[in-house]
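Okay, so here's the structure we're looking at.
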């Protein structure tokens, strides 16, 4: 193999390895996220969220996400929201945020599991906003329950959990019981 062929081969190997490098996250990177809303059997399309509303890799944080007024909103039906998280497109199923059976302001608790530079999974649930948040910011409660005030804002708490991966190599012996 000539020198030119060797260089071409190395360039090919390098270019094939770049997509896997570009999918990796570093601490502090914005994790891309999209949202979709559903009201009265009508769904929006996926909308990319701006960086200040997205999770940041390996960083715990809280953000207020605006929810626009749905078309044909009467207040009679519940409003649900769904998310796609990361370049891996982890799907968070429908979360009931408006007209749920609670008198408390909702908060979305999102848990991102990662190891090294890889995002392994995302889960989310709607919980009642802690009372000390509402006490510090009383406008949150007033604006959320006011039927004429739009867009509504929902607090999202992103919690990043590091997963320790342990790989065991089984040698060439068998265990009998």
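Residue numbers (mature numbering (1 follows the signal peptide of the UniProt record, and there is no 0)): -24 to -1, 1 to 153.
Note that beta-carbon positions come from the ideal geometry of N, C-alpha and C, so glycine has one too.
{"Check": "Nearest-angstrom Cα separation, counted from residue 93 out to residue 52", "Outcome": "44 Å"}
{"Check": "Cβ shell of residue 96 (< 8 Å), same chain only, five flanking positions each side left out", "Outcome": "89, 90, 139"}
{"Check": "Start-to-end residues for the alpha helix (DSSP H) that takes in residue 117", "Outcome": "114 to 121"}
{"Check": "Selection from 38, 137, 46 that minimises the alpha carbon distance to residue 106", "Outcome": "38"}
{"Check": "Residue from 46, 79, 35, 72 with nearest C-alpha to residue 124", "Outcome": "46"}
{"Check": "The segment 23 to 33 in contact with the segment 111 to 130 per 3-pair CB rule at 8 Å", "Outcome": "no"}
{"Check": "Counted within 10 angstroms of its Cβ, other Cβ atoms place residue 21 as buried (16 or more) or exposed", "Outcome": "exposed"}
{"Check": "Assigned exposure category for residue 32 - 16 Cβ within 10 Å defines buried", "Outcome": "buried"}
{"Check": "Helix, strand or coil at residue 66 [DSSP, three-state]", "Outcome": "strand"}
{"Check": "Three-state secondary structure assigned by DSSP to residue -19", "Outcome": "helix"}
{"Check": "Which listed residue (65, 110, 111) has its alpha carbon closest to that of residue 99", "Outcome": "65"}
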